[in-house]
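Down below is the structure, laid out as structure tokens.
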Amino acid sequence: MNNSPTLNNFTRSGILFVLSAPSGAGKTTLTTALRQKPDFVYAVSCTTRAPRAGEVHGEDYFFLGRDEFLARIAAGEFLEHAEVHGQHYGTLKSTVVDNLSKGVDVLIDIDTAGAADIRNCGDPFILSALADVFIMPPGLDELAKRLRRRGTENEEQIATRLRNAASEMKHWRSYRYTLISGSMEEDIEKFRAVMRAERYLTRRLDIPGL
Ligand code: 5GP
182 MNNSPTLNNF TRSGILFVLS APSGAGKTTL TTALRQKPDF VYAVSCTTRA
232 PRAGEVHGED YFFLGRDEFL ARIAAGEFLE HAEVHGQHYG TLKSTVVDNL
282 SKGVDVLIDI DTAGAADIRN CGDPFILSAL ADVFIMPPGL DELAKRLRRR
332 GTENEEQIAT RLRNAASEMK HWRSYRYTLI SGSMEEDIEK FRAVMRAERY
382 LTRRLDIPGL
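Just add 181 to wherever you are in the sequence shown, counting from 1, and you've got the working numbering.
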């Protein structure tokens with residue numbers, strides 16, 4: 182009788198991909214491109230900021246009023262939450278935990294303070310799932326150009342975002358991976374390489390019988 186394990190029925194634990202990048206670094210375009218291939222769940226964040234033209238409730242964000250957001254904080258619904266550019270942003274715990282528990286990978290796009298909260302959450306389940314990635318913009322001048330080209334913020338808001346970008350860029354060493362932003366295609370390819378490598382980590386695999 183052959184007792185050798187069947188190598189096609191292995192299981193893998195879910196990965197929590199945490200992506201941070203200063204605004205204007207091309208992160209939204211990157212996540213939109215990555216989301217075309219449905220090999221992970223994108224956990225849609227909640228925010229109190231107003232929707233930009235073309236943004237869809239439930240797809241880009243859950244756009245909540247301030248009172249509702251604060252009530253959800255009080256109810257412990259967020260895995261992490263932070264105030265960014267004067268608005269509240271938060272990741273719903275249920276989406277992340279439910280998917281990871283089923284072995285489904287999750288991608289969240291959060292600021293450096295939110296990523297630090299997750300690193301410090303003390304939950305072994307979340308920490309073993311974590312793979313955090315920082316997208317480093319090619320420079321503040323280029324970032325300013327990209328923000329002006331996008332045209333969704335006025336000069337004052339652009340100045341706030343650039344100040345925040347400069348301070349966010351100081352946190353890159355806390356991340357497992359740092360991708361220096363190049364063209365959109367390069368950024369997608371680099372991010373996919375990280376996803377592939379993380380999926381082959383020995384400690385994420387369970388092969389019955391071995
Ligand atoms: P934007 O307003 O440009 O969509 O996002 C502004 C910043 O908020 C970005 O750095 C983005 O990563 C961050 N952000 C979006 N969702 C969340 C979230 O759920 N939690 C935290 N901490 N930051 C978030």
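Built from N, CA and C at the ideal position, the CB exists for glycine as well.
| Is the closest heavy atom of ligand 1 to the C-beta of HIS352 under 7 angstroms? | By 1-based counting over the sequence shown, the position of residue 352 is 171. Outside the cutoff, so no.
| request: Indicate, with yes or no, if ligand 1 has a heavy atom lying under 7 angstroms from the CB of ALA252. | output: Taking the sequence shown and counting its residues from 1, one reaches residue 252 at position 71. Checking every heavy atom of ligand 1 against the Cβ of ALA252, none is found closer than 7 angstroms.
| Can you tell me whether LEU188 is buried or exposed, with buried defined as 16 or more other CB within 10 angstroms of its CB? | Against the sequence shown, residue 188 aligns to sequence position 7. Looking at its Cβ environment, which holds fewer than 16 other Cβ atoms inside 10 Å, LEU188 is exposed.
| message | Contact between the segment 292–311 and the segment 228–238 is defined here as three or more beta-carbon pairs at a separation below 8 angstroms; is this criterion met? | response | no
| request: Please state whether DSSP places GLY295 in a helix, a strand or coil. | output: For the purposes of this step, residue 295 is identified with residue 114 of the sequence shown, where counting begins at 1. Of the three classes helix, strand and coil, the one that applies to GLY295 here is helix, per DSSP.
| message | Since LEU360 and LEU343 should fall inside the 8 angstroms C-beta cutoff, what is the C-beta to C-beta distance between them, to a whole number of angstroms? | response | Along the sequence shown, one-based indexing puts residue 360 at 179. Along the sequence shown, one-based indexing puts residue 343 at 162. Actually they are not in contact, since the Cβ atoms of LEU360 and LEU343 sit about 20 angstroms apart, beyond 8 angstroms.
| request: Note down, in chain order, each residue of its chain lying with its Cβ closer than 6 angstroms to the Cβ of LEU288, except the 5 sequence neighbours on either side. | output: The residue labelled residue 288 in the question sits at position 107 within the sequence shown. Cβ within range, chain order: PHE198, PHE221, TYR223.
| Got a sec, what are the start and stop residues for the alpha helix (DSSP H) GLN397 sits in? | The requested residue 397 does not occur in the structure, where the chain is confined to residues 182 to 391.
| query | Which two residues bound the contiguous beta strand (DSSP E) that contains SER226? | reply | Looking up residue 226 in the sequence shown gives position 45. Segment 226–228, the beta strand (DSSP E) holding SER226.
| said: So for PHE221, helix, strand or coil by DSSP? | reply: Here residue 221 refers to the residue found at position 40 when the sequence shown is read from its first residue. Coil.
| query | Rounded to the nearest angstrom, how far is the Cβ of LEU215 from that of MET365, given a contact under 8 angstroms? | reply | Position 34 of the sequence shown, counted from the first residue, corresponds to residue 215. Position 184 of the sequence shown, counted from the first residue, corresponds to residue 365. About 11 angstroms; that fails the 8 angstroms criterion.
| task | Specify, as a first and last residue, the run of the alpha helix (DSSP H) that VAL277 falls within. | result | For the purposes of this step, residue 277 is taken as the residue at position 96 of the sequence shown. Note, VAL277: alpha helix (DSSP H), 274–282.
| What does a CB cutoff of less than 8 angstroms around ARG385 pick up in its chain, not counting 5 residues either side in sequence? | Here residue 385 refers to the residue found at position 204 when the sequence shown is read from its first residue. Excluding residues within five positions, the ones whose Cβ falls inside 8 angstroms are ARG193, SER194, ILE196, GLU379.
| request: Look at the alpha carbon of TYR356 and the alpha carbon of ALA202, and state the distance between them as a whole number of angstroms. | output: By 1-based counting over the sequence shown, the position of residue 356 is 175. By 1-based counting over the sequence shown, the position of residue 202 is 21. Going from the Cα of TYR356 to the Cα of ALA202 covers about 11 angstroms.
| task | Would you give the residue range spanned by the beta strand (DSSP E) that ALA263 belongs to? | result | As a first step, residue 263 must be located in the sequence shown, where it is residue number 82. Run containing ALA263: 259–265, per the beta strand (DSSP E) assignment.
| message | Let me check you understand the geometry: is the CB of HIS266 closer than 7 angstroms to at least one non-hydrogen atom of ligand 1? | response | Along the sequence shown, read from residue 1 onward, the residue named residue 266 stands at position 85. Flag set: Cβ of HIS266 near ligand 1.
| Run through DSSP, which three-state label would ARG377 get? | Here residue 377 corresponds to residue number 196 of the sequence shown, with the count starting at 1. Note: ARG377 maps to helix in three-state DSSP.
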